[in-house]
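Protein chains in written order, with my numbering: chain A, 1 to 112; chain B, 1001 to 1117. See structure below.
Take a look at the structure:
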């Protein structure tokens, strides 16, 4: 079945470091992936997305890498700031295209 | 400002007392959906709607109803709430293009924390 998982539930980094959050997915036919950030008391906020015809996509301070061979997705945050502290979710579009299937989330803690 | 608005933010109720959580989006999106978020289980889809008068079940639809009479509104109805429906609920919308690209970038509301006693 479809499932999306994250390698680590928590990640602690120092301010200024680069952060890498990993995600594994199970459906090799998935064609769309997305990362969300959820701060305490708020709804998930879009960070960046990527289609399966790409290996890498860059945004402002963020990069998403897609490795279809091993069904792995990662989010890289450059120069991590305290404001980046949040729970990060990866998600893939379901086979039917009617839902996003979310991983369990990684809590990123940034200390200054 | 483009947004998805849910109400209320917090709700405490008792078992069996019908309730409705409202959701409205101002982006003219075709697709809308409800998710619940539980510790250790992540976000799971309850119901979705691809357009007005078109709704369908997600992964965890038991105990819930929805309606889509207007494009902008997608209320979630709990006819007879039970304690296992205590959860954080999110409404979301997406532009939707039909076919296999119905759902991509979802915009989420701020959430409704429901407690059923």
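Glycine included, every Cβ here is placed at the ideal spot set by N, Cα and C.
Item                                                                                                                         : Value
Beta-carbon spacing of residue 1090 of chain B, residue 1027 of chain B below 8 angstroms                                    : no
Partner residues on chain B for residue 59 of chain A, Cβ-Cβ distance less than 9 angstroms                                  : Simply none; closest approach about 13 angstroms.
Cβ neighbour criterion (16 or more within 10 Å) applied to residue 46 of chain A                                             : exposed
CB of residue 1015 of chain B within 8 angstroms of CB of residue 1103 of chain B, strictly                                  : no
Three CB pairs or more closer than 8 angstroms across the region 1071 to 1091 of chain B and the region 72 to 91 of chain A  : no
Inter-residue CB distance, residue 85 of chain A and residue 110 of chain A (contact presumed, cutoff 8 angstroms)           : 5 angstroms
C-beta contact flag for residue 1081 of chain B and residue 1019 of chain B at 8 angstroms                                   : yes
DSSP-derived helix/strand/coil call for residue 19 of chain A                                                                : strand
Cross-strand partners of residue 47 of chain A (DSSP beta bridge)                                                            : According to DSSP, which records beta bridges pairwise, residue 47 of chain A is partnered with nothing at all.
For residue 1004 of chain B and residue 97 of chain A, the rounded distance between their alpha carbons                      : 21 angstroms
Under 9 angstroms from the C-beta of residue 1048 of chain B: neighbouring residues of chain A                               : 98 and 99
Residues bridged to residue 95 of chain A [DSSP beta-bridge criterion]                                                       : Per DSSP, none; premise fails for residue 95 of chain A.
With 16 other Cβ atoms within 10 Å as the buried cut-off, status of residue 8 of chain A                                     : exposed
Chain A contacts made by the region 1103 to 1114 of chain B, where a contact means CB separation under 8 angstroms           : 1103, 1104, 1105, 1106, 1107, 1108, 1109, 1110 and 1111
Near-chain B residues of the region 35 to 64 of chain A (beta-carbon distance less than 7 angstroms), N- to C-terminal order : 42, 43, 44, 46 and 49
Interface flag, residue 32 of chain A vs chain E, CB-CB below 8 angstroms                                                    : Going by chain labels, chain E is absent from the structure shown, which instead holds the protein chains A and B.
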